[in-house]
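A short write-up of the structure that comes next.
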Amino acid sequence: MARSWMDYKTGAWVQWCPGCGNYGILNALHRALAELDIDPSRLVVVTGIGCSGRSCYYTKANAMHVLHGRAIPAATGIKIANPNLTVIAEGGDGDMLGIGVEHFVSVGRRNIDITVIIHDNSVYGLTKGQAGPTLPSWWRTKALPGPNLHDNLNPLLLALASGYTFIARGYAYHVAQTKELIKKAIEHKGTSLVQILQPCPTYNNLMTKQWYEERIYYLEEEDPNWDPLVASPEDFKSKMSIILEKMIEWGDRIPLGVFYINPAKDTFEQRLEKVIPTYREYPPAARPVAANGKPLVDPWQVFADKIVKA
Amino acid sequence: MARSWMDYKTGAWVQWCPGCGNYGILNALHRALAELDIDPSRLVVVTGIGCSGRSCYYTKANAMHVLHGRAIPAATGIKIANPNLTVIAEGGDGDMLGIGVEHFVSVGRRNIDITVIIHDNSVYGLTKGQAGPTLPSWWRTKALPGPNLHDNLNPLLLALASGYTFIARGYAYHVAQTKELIKKAIEHKGTSLVQILQPCPTYNNLMTKQWYEERIYYLEEEDPNWDPLVASPEDFKSKMSIILEKMIEWGDRIPLGVFYINPAKDTFEQRLEKVIPTYREYPPAARPVAANGKPLVDPWQVFADKIVKA
Amino acid sequence: MAQNNVDIKFLIGGPQGGGIESAGQIALKTFILKGYQVIGTREYQSNIMGAHSYFTIRVKPERPGAINFPVDAAVVLDAESVLTHFQDVKKGGFMVYDTTTLKTKIANIAPMPKPLKDRLTAFFQERGLEPTAESAVKIAEENGVKTIGLPMKNLIREVAHKTGAPLSRVSKTLNTIGLATTLYLLGVEASWIEKAIAVHFAAKKKVVDMNVEAAKLAINYVDEHIGGPCCFLPEGPNLGKEAMLVTGNEIVAIGKTVGGLTLQTYYPITPASDEALFLEGHRNYDLAPWAAEALELKKLGSVVLQTEDELSAIMAAIGAAVAGARSATSTSGPGFALMNEAISLAIMAEVPVVLTLWQRGGPSTGLPTREGQQDLFHALFSGHGDNPKIVVASGDHIEAFYDAIKALNWAEKYQTPVVHLVDKYLASTITNVYREDIDPLKAQIERGKLVENPGPDYLRYKITEDGISPRAPMGKVPLVWTGLEHTEDGMPTEDPVVREQMMAKRRRKFETIAREIPDDEKAVLHGDPDAKITLVSWGSTKPIILEALKILEREGIKANFLQLRIFYPFPTEKVRKILENADLVIDIEQNDLGQAAFLIRGFTGFTIEHFVKKITGRALWDTEVALAVKKIVETGEREVVVNGGA
Amino acid sequence: MAQNNVDIKFLIGGPQGGGIESAGQIALKTFILKGYQVIGTREYQSNIMGAHSYFTIRVKPERPGAINFPVDAAVVLDAESVLTHFQDVKKGGFMVYDTTTLKTKIANIAPMPKPLKDRLTAFFQERGLEPTAESAVKIAEENGVKTIGLPMKNLIREVAHKTGAPLSRVSKTLNTIGLATTLYLLGVEASWIEKAIAVHFAAKKKVVDMNVEAAKLAINYVDEHIGGPCCFLPEGPNLGKEAMLVTGNEIVAIGKTVGGLTLQTYYPITPASDEALFLEGHRNYDLAPWAAEALELKKLGSVVLQTEDELSAIMAAIGAAVAGARSATSTSGPGFALMNEAISLAIMAEVPVVLTLWQRGGPSTGLPTREGQQDLFHALFSGHGDNPKIVVASGDHIEAFYDAIKALNWAEKYQTPVVHLVDKYLASTITNVYREDIDPLKAQIERGKLVENPGPDYLRYKITEDGISPRAPMGKVPLVWTGLEHTEDGMPTEDPVVREQMMAKRRRKFETIAREIPDDEKAVLHGDPDAKITLVSWGSTKPIILEALKILEREGIKANFLQLRIFYPFPTEKVRKILENADLVIDIEQNDLGQAAFLIRGFTGFTIEHFVKKITGRALWDTEVALAVKKIVETGEREVVVNGGA
Ligand SMILES: Cc1ncc(C[n+]2csc(CCOP(=O)(O)OP(=O)(O)O)c2C)c(N)n1
Ligand SMILES: Cc1ncc(C[n+]2csc(CCOP(=O)(O)OP(=O)(O)O)c2C)c(N)n1
Ligand code: SF4
Ligand code: SF4
Ligand SMILES: [Mg+2]
Ligand SMILES: [Mg+2]
């Protein structure tokens, strides 16, 4: 029997505030996992630090709760070590786009097959409401001693510039739609981003449920022909400018959906396979390291190039 | 009498390899400074670690040689502390787009008035030729034990996504043109990027002088009407897609010139002035901190909100 | 009760985000107004809403040095609080709870940690009791605690009725009702409580009215159903004396402002960021009369910069310092860990920068909102290469104030990073300070060899006898600051002769520091210098151990207390002499490795053989320290681990 | 000369990128082929091309333990090299230079560090000489050094003529000409030199031919103009014995490969990244016969991942480890500083990961390509929170090989970060190793409590008596790894009781480690245990100090040498006993703070009173160690700073 979303709950007390958008995201994730019927034993969820970072305790999986900003490199290590696992890296906007933006950008250069989910509430939730990297300048959410002086980052554009091959945006309280986005992201072979707009009723008193719901719309609802697939130079020529326009749209209207899919790039695992023929069958985490307690390697054979012999 | 570019030389032995593109960049910088007649005493050059990072020793200025990847935050601290200085942050592609990409992206959110110059040779020069973040995947420069598995970043697009308000690309051996780009970048009020394609004859045996010179062209030469100014929503609508197209162009043809100028955003210094009225006149580095050795502040006056009084 | 004998301890428990903080503040303000001194400390979880937290308060005529359990009274209005604290009230004390919570089963209290649930369930099972809040109340009563059940629903409905405010808003007065009940029973007249409420909510008249109404109702209810207090508390000795009520975070921010800070960078982290946010809230300020006159200037402002991460925070602070700003950054263990490389740069480039390190429970994210003194090693040895820097640890609010100023002075005088070690307990402990406690005119602002007008021959790293080179800010003359080994003019060199000279110059600088900072500021011996038992500790344990000394004295154990204030340069001779003078030395720390004891041995060779340790992340109590010391004195035990507090 | 008395030292100097490296390798290979053992070490600047660097070589029948100056011969073909090394050749030795460089003035040698220029100029001025290379040659001659001027231009033109190769290519044989001259004069027959050239350039026939031609020409020239060597060197005792010629970087990579490493991450940094690049160059390998048979598998591969920075390098290594890979990362001081936070995570989450730390001169970027042993404190105390980890320091190539394997074992057995401390001297020192030196079958691969098939009740952080929980890789059963304090199942908790249990569990783990790793692996006493003088040191100074012991013995000073191998868990009792047994203990370190001495006192209480220190970043010499020790023995001096080497 296929799994139900309930199978992905861990039974731990979910520590989020009442009405927090994280509940919707968690539920959407569980539903996506259920519909994909992913075995929790083969699933990895790595999270950073923040309210959102607690997600890993609430999802039945191989969970790892790492440092603030470092979910992506940990997930990278895991995926490379065992490419047969489904790997998700989750974190807040502060985690992924503030302290972790180094990795957010750099993972795009690998196109490693992991799914990056940003719980984007535009504040630093767990540290009590400082301005997050997606909070517009001059806005002043309630915990701030003054207006925010920093401009907001656009995660979609940043992901595109960084090389992500799947880019989507969802909204936390739209569980059904967000579930679909997460599903597609997980199914996509390559680095995928799902930015999820997440009201934080406790600290973000500006970007509220109401504020979002007056603005959001779905790309494919507005344009039934919307097709984010950019599979060829022709697609690129014909679609890229409208995709960019949609990515940049932010204000009175905020588009949701899948913005961009590029199926043409090799994943990092495929690249590794090309240079390490045994990689797929014997990846670093699932290969012998010894034969009966003895080394596998005779250095005089493997490093023969170092032998000085006339 | 106006300064000559020779006035910006320090007399230190320039340690670069013969034929290194860095010579052209250094010269272009000196010429730009001379034409802008910038007083070396009011000029700050902060560099990261790398062959390129040595630049700060070769330019007469207030120089600071910091850590690998950290020129931008140091420059940020300097500029905020004393907004009356002209501040330039320089580094290699590894420095700025590898280990320092966190700051490369985040400074865009401030639009602080500094100029970021990337010496882009697509390798880690000073550590002997490992793949840099702008080296295309599957390329194998001479010091690599195997092909590069990472895709190359596009610094222009990344800068745009990050919020830079001036974005240009030059070529190291074109001193006259690069000088112009640097001049405009310094004159621009806001965070500006000049990516400079820099052949590294020692380690990058693929992206050579010849390779570049077969590909590069100038935007304004190809299109005399080229105008990178995006000053209004109308400009944005009419120009952005062609700007993006040009930013993305990379391969048989590589465009050079100014790609994007956005004059509409406040600099960070202007923002600070709005919330700290005394900022411009009394910035952190040039204001009193004591009166005759005594504190300026009576806590019972400034922190009166903490006094418990019925 | 006579004024001088007043010593009241009570706690307020409840879910995070449920108004505990505010109730605690009102309580503290009540007693300050009444002329007493107070401390309040908050235990809270890494959670925004719902997890259990509590505020413990102590009131005395003089500044209380420590909290401890059992308390005289507890306000525990939800089931989890009842179940967490029913054994924390002393015999004869009282516990105020909400009757509607009684039936709640342990199993149904979602936020309660499973290990605690298991322990409680077993506890009640052993006694044949149901695992409910009611059983807890029962046990409390058996223990001689007066339990006071308030029919909260009714009371709140009544407040709503009286004020006409909607129930949802009125329900926020829950804690006020509990608190007023408690304060009243502790002997505080209604008028003081009302005054404190008015002060606390200040401008918000509606909120004041609603809470005053709630307090009145609570007091009425007490009078009617429970009977008022036996007697009223006299006014305290400091009645009418102006006091600030400040946390450790706040006093450090105040110290920095007084100390002439002009730029602070930070990346949010508990328990540090409240300091920076408070600074930011006060970034524009009027100059004091004496300064305004001297400088002919009325207003100034400081920059507080939130950065993208801690790497950037320290680098921007370093950049600002190099430009000439008096600069600092503030963080906790994880952030400090990220600053290691830049600390090494600041050592090499000789950059004046202050790092305020608010310790919390580690390793890693560990117990992110709990007390810890585990970062001493990390502070001292942070950064690669030979890595000397000044490390100063504050013992209490007043020290923290002056240390914040001194740290800025030392950084600039000695052109070196200064780590100001503070911790979560200090950060979230709130107390009153008086004018004489934090007197700006007692402070001196020093900038060392700052050269305002360097000539063209200026040498950034001039080799001098005292190891300190004149420092010119950027913007005056071309110069070089660098993290590479360098000649006097800052140009990089790998010349072995210059390398040795520069290493020697930097070493001499630390010899100068060691000489110039007096031993008195490096280590302080509290109590009778001839006592044969010496307790050794550092940081926020200071006032706690001073209280413990008093307890021990009452028990006939005479001890003194060596407080380590500066770990580098270490007061080797002074510490060795003091320790060698004792028959029994006991190290008291809130870490596992005995970090200070190791350093003492490393610097002096003196081996400490006895340890009191607390690693639960909860506030250290004077009573448990005293008990542990007594145990060691009596049994010769090597190590006593204490662990009081829920 | 009898085989057994052979002890040849010579250096080859020149501009970076000018073929010094290659010439050094040819020289080493010549002597290995001839049956001798060798070490060669390279001093170079943080520069790609043009700055002065040099390669020092020593040849003996047994493995030479150290280099030192003065040397028997110097190949100094450019003016800067002549001027840098003219005093480095011993009386009776010879110096080979290029006559065309003689007129070069010091002032015109751009790359030469200004301080050195100043010193040299003064030196010649004092002697009434022009500041030129010619004066240097003159002084060398006065000092009894035979100076051999080669007309390089002519010789190279001749090679071009003979081989028909273009001058630009032929000019690359400059060093070969100088080297061949030198080797020949040292008594090596032309045939060996030619063989070595052939081996060195292997596949590249044209290059071989050109260089062989150059060597021949040089030897002819010597025969004709200078006269051949007095006598030829006999074949060495190891003639025909198979040897690898490896750097320290390489031997560690080889050790890791043998040790079962499956994934290594890195970010480029000197002097670490050559290790990773070498690994990457050998990432696909054939299994040894015994393994291929046992596993029925022929080939395997390891992943070497270049990351965007060191934060990512350590986090990816941690991620991989958690997934089940045998994983490591490799860096130097600045990168290690950036790894601090993640080290703390690995401690808390109990992640097996090896960090190879290649030390170099600090603080900060300091002397990035020079020797330093300044990161001991940083290694030991890295990471916030109580921060124990295993720290092991290798003394030489062979130890480094086995330590690399052990580090991987310990990381997995004890689920903790292991810092493998090595340094620039080891990294860039090259030596021969024989089959018996690095025998894979002497190594054991251990993975500790690895559970291949965890059940549903699996507890990641099970509390056990030895403090070690069974470890299941990801992908078998839902589980939690975390940096927060946690219950046995990895769920976060702030419960004080569990906190204490978990701190205790982790502490017990280190007690287990302390118990299980034998003292013999933690500290080694070399030499006569009854000697009353004990030298203490650690890391790559080992073979140097062993040589120094021999020199001292010849001078009638009997000393032994305590080599610290593992700094945590520290072999407290063993070290204390050994030190207390000595009348005079001398600490020898390449840092300013006496880091090991401080740790020894911290752990044992034993105070070391005498120090030999080198901080110039240059290789330590056996002779200067011996001299310094002698001085301390004779004068009782507290500290002797040595500083040999250009
Ligand atoms: C290195 C480091 N710096 C700072 C922190 C403190 N910290 C914990 S959570 C958090 C921010 C959380 O914001 P975000 O990532 O947006 O997640 P949210 O809580 O909003 O879901 C911060 C700064 C930390 N744990 N580690
Ligand atoms: C934290 C840290 N990691 C690594 C290094 C080593 N390092 C020195 S220069 C350099 C790379 C230089 O490459 P790039 O920035 O592109 O500059 P280039 O030399 O090519 O001009 C590296 C990795 C360092 N100094 N600090
Ligand atoms: S603070 Fe905001 S993000 Fe965090 S749990 Fe509460 S509502 Fe959610
Ligand atoms: S290595 Fe490359 S970038 Fe560096 S100095 Fe040489 S040519 Fe220039
Ligand atoms: Mg957030
Ligand atoms: Mg580069």
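Protein chains in written order, with the working numbering: chain Y, 3 to 312; chain D, 3 to 312; chain E, 1232 to 1877; chain L, 1232 to 1877. Just so it is clear, CB atoms sit at the ideal spot from N, CA and C, and this is done for glycine as well. These figures come from a predicted structure and were not determined experimentally.
Proximity test, residue i beta-carbon vs ligand 2 heavy atom, cut-off 8 Å
i                : result
Gly192 (chain D) : no
Distance, residue j Cα to residue i Cα
i                 : j                 : result
Ala1338 (chain E) : Thr1493 (chain E) : 53 Å
Glu1855 (chain E) : Phe1567 (chain E) : 31 Å
Ala1580 (chain L) : Glu1527 (chain L) : 35 Å
Phe1317 (chain L) : Ile1251 (chain L) : 17 Å
Val1534 (chain E) : His152 (chain Y)  : 14 Å
Pro1760 (chain L) : Thr1695 (chain L) : 39 Å
Asp1720 (chain E) : Ile1699 (chain E) : 14 Å
Residue i beta carbon near ligand 4 (any heavy atom closer than 8 Å)
i               : result
Ser54 (chain D) : yes
Unbroken alpha helix (DSSP H) run spanning residue i, endpoints
i                 : result
Trp1641 (chain E) : His1628 to Tyr1645
Glu271 (chain Y)  : Phe270 to Val277
Arg1388 (chain E) : Met1383 to Thr1394
Sub-9 Å separation of residue i and residue j beta-carbons
i                 : j                 : result
Asn84 (chain D)   : Pro290 (chain D)  : no
Val1622 (chain E) : Val1649 (chain E) : yes
Gly110 (chain Y)  : Gly165 (chain Y)  : yes
Test: residue i CB closer than 9 Å to a CB of chain D
i                 : result
Glu1541 (chain L) : yes
Pro1342 (chain L) : yes
Phe270 (chain Y)  : yes
Lys241 (chain Y)  : no
Below-9 Å beta-carbon distance, residue i vs any chain A residue
i                : result
Trp302 (chain D) : Absent here is chain A; the protein component of the structure consists of chains Y, D, E and L.
Ligand 5 heavy atom lying under 8 Å from the CB of residue i
i                : result
Ser124 (chain Y) : yes
Enclosing beta strand (DSSP E) for residue i [first to last residue]
i                 : result
Gln1268 (chain E) : Gln1268 to Glu1274
Val1653 (chain E) : Pro1648 to Asp1654
Neighbour flag for residue i against chain E, beta carbons, 9 Å
i                 : result
Met1734 (chain L) : yes
Cys53 (chain Y)   : yes
CB contact below 9 Å: residue i versus chain L
i                 : result
Phe1837 (chain E) : yes
Check: residue i C-beta below 8 Å from any heavy atom of ligand 1
i                 : result
Glu1928 (chain L) : Residue coverage of chain L in this structure runs from 1232 to 1877, which leaves residue 1928 (chain L) outside it and unanswerable.
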